[in-house]
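If you count by my numbering, then the sequence shown holds residues 980 to 1474, one letter each, in order. Where a beta carbon is used, it is the ideal one built from N, C-alpha and C, also for glycine. Notes follow the structure.
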Amino acid sequence: MATRTPIRSKKAAAKPASRAAAKTPTSKNGASVKAASLTVTDNRTGKSYDIPINDGTVRAMDFRQIRVDSDDFGLMTYDPAFTNTASCRSAITYIDGEKGILEYRGYPIEQLAEKSTYLETAYLLVYGELPDATQLDQWTRDIKYSTMVHENIKKFIDGFNYDSHPMGMLIGTVGAFSTYYPDAKHIDDPASRELQTWRLIAKMPTIAAFAYRHSRGLPFVYPDNDLSFAGNFLNMLWKMSEAKYKPDPVLERAIEVLFILHADHEQNCSANAMRAVGSSRPDPFSATAAAAAALYGPLHGGANEEVLLMLEKIGDKKRIPEFIKKFKAGEGRLMGFGHRVYKNYDPRAKIIKRTAEEVFDLTGRNPLIDIAMELERIALEDEYFISRKLYPNVDFYSGIIYQALGFPVEMFPVLFAIPRTAGWIAQWREMITDPEQKIARPRQIYTGNRTRKYTPIGRRPRHDSAHDEANHQHRAVRLAPMPFASGKRAARTRF
Ligand code: ACO
């Protein structure tokens, strides 16, 4: 078969793949670097290719020109779980995982946690700059005027079982918002994007609080716009018969700090879900429901719930070595430890640890913090965790504060989703207006059968299937007598 000369093979003139490639390359500290390309030799054909390097990356599409012959599809890159693939350009959040640095729009997280409020930080994430006093005032008003939800949302939430996980209720309800705000599908209209931004940031605490009150059998509390964003959230959660709820300033500030710390974290699993789902251009409520679903998992925002369960299971400092041994043997993971990006102490975990002490002064010490701190000390001295650079992440201590504040563990991922909404929206807006982005659609390496002949059912040989096995196992469960309703979740999953 005839070989085609690749577009930018060494034999052809070395031409940059894009206009960006023509720029003089510079290293991180601004010094110019020698070559802005990667020379790749395909040993199958002996041909060499110059692949431009920009911003420390090569473009996967530049490898497509590398072919064995004209029938060849071209070389692809394989990166399950995106461990070394940048999916976008972003100016929102910067992380240096090796050094443990986190910045929103260039502002270190430590400064924001100390000096800012959640709404100011949300403005920064969404619009790129800190607001001046008038802008903050207007933004606060825009958000506050969007905190109410349609009365039918109450009925919608009432439809969930009393013991439904509040995160499930949140995901379902934020998805349902797309039916209440059909104008949200005009995603190319900047005015519509603005309105949905306010609505999403403002209504998440309302539905989160409604989900909580529903699970407690308590009446819903309407937003009180005299209060701060965090204060109003506490009001909707905990107001009883008093005429006006007054949040404790220490608890209010603790919630603000936790919200600031959780507001964004660049291309994590849920931000990636927001962008991937948003790339097919549905309304942002639908994309946010997908992002929240991604957050729900125990390897992401569900980890803080798992940390608490783990600490309760350990129960005593004396049992820590026994558990560490299990984690090292691959029997479960030390939840709240390790991170795809941080190979150092997560800066958010440090701030949360400090905030916890302030909360405990008011609420009394949560005994789990002593187990957590001892667990951290032992793990950080252990070769297994040292060699893998596993440090506490944001979720290691957050659950302990949430519990001290009186939240049940099921609320933990919900408390994460509320502030992360600002990050999701900022990521979504950046994606929608980025001319380089298209519908997210990865490639695959196909490993299955090809072009088989359909056999009529009577002539097919029998193959063991996972369905046979599953059916065998579940039949026993389905046929077992149904327990009486006694608060057991299993009682309603038999049909
Ligand atoms: N406990 C024990 N071992 C661990 C842990 C852990 N928490 N995390 C990673 N490891 C080990 C892995 O077994 C693996 O060991 P190996 O090289 O011998 O196979 C090695 O460290 C690398 O782990 P990966 O799974 O490849 O790391 P990855 O980047 O894919 O995963 C993750 C990151 C999911 C966060 C992982 O560290 C983990 O599961 N942590 C516990 C869950 C958690 O706390 N999640 C919250 C993350 S923060 C957030 O989403 C807000």
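Tell me the start and end of each unbroken alpha helix (DSSP H) in the stretch 1137 to 1183 that is at least 4 residues and wholly inside, in chain order. 1145 to 1159
Three or more C-beta pairs under 8 Å: does that hold for the stretch 1423 to 1440 against the stretch 1102 to 1111? no
Find out if the Cβ-Cβ distance for the pair GLY1311, PRO1392 is shorter than 7 Å. no
Assuming contact is defined by CB atoms lying nearer than 7 Å, are PRO1145 and TYR1097 in contact in what I supplied? no
Give the single residue among PRO1202, GLU1221, ASP1162 and ALA1015 whose Cα lies nearest to the Cα of ILE1030. ALA1015
Would you say the beta carbon of HIS1318 comes nearer than 6 Å to a heavy atom of the ligand ACO? yes
Residue from ALA1065, PRO1228, ILE1424 and SER1095 whose Cα sits closest to the Cα of LEU1384: PRO1228
Assuming the contact rule is C-beta atoms closer than 8 Å, PRO1371 and GLY1079 should be a hit. Round their C-beta distance to whole Å, please. Incorrect: roughly 11 Å between the Cβ atoms, too far for contact.
Considering just the uninterrupted stretch of the beta strand (DSSP E) at THR1018, what are its terminal residues? 1016 to 1021
Burial state of ARG1260 (16 or more Cβ within 10 Å): exposed
Just to confirm the assignment: which complete alpha helix (DSSP H) runs, minimum length 4, are found wholly within the stretch 1064 to 1114? 1088 to 1094 and 1097 to 1106
Taking the beta carbon of ARG1422 as the centre, do at least 16 other beta carbons fall within 10 Å, making it buried, or is it exposed? exposed
Rounded separation between LYS1026 and ILE1397 - CA only: 53 Å
What distance in whole Å lies between the Cβ atoms of THR1334 and ALA1222, which are believed to be in contact at a cut-off of 8 Å? Contact doesn't hold; Cβ gap of about 30 Å is too wide.
Contact defined as beta carbons within less than 8 Å: I believe ASP1349 pairs with LYS1296. What is the distance between those atoms, to the nearest angstrom? 7 Å
Beta carbon of ASN1372: closer than 6 Å to some heavy atom of the ligand ACO? yes
Quick check on ASP1205: does DSSP put it in helix, strand or coil? coil
Is ALA1455 buried or exposed, if buried means 16 or more other CB atoms sit within 10 Å of its CB? exposed
Where does GLU1321 sit, in a helix, a strand or coil, going by DSSP? As written in the sequence, residue 1321 is Tyr, which differs from the Glu given in the question. The answer is coil: DSSP assigns TYR1321 none of H, G, I, E or B.
DSSP three-state label for PRO1031, please. strand
Quick check: does the Cβ of GLY1385 come within less than 6 Å of any heavy atom belonging to the ligand ACO? no
Buried or exposed: where does GLN1117 fall if 16 or more other Cβ atoms within 10 Å of its Cβ makes it buried? exposed
Classification of PHE1212 by the beta-carbon crowding that lies within 10 angstroms, buried from 16 upward: buried
Sort out for me which residues DSSP pairs THR1036 with in a bridge. ASN1033
With a threshold of 6 Å (Cβ to nearest heavy atom), would LEU1104 be considered close to the ligand ACO? no
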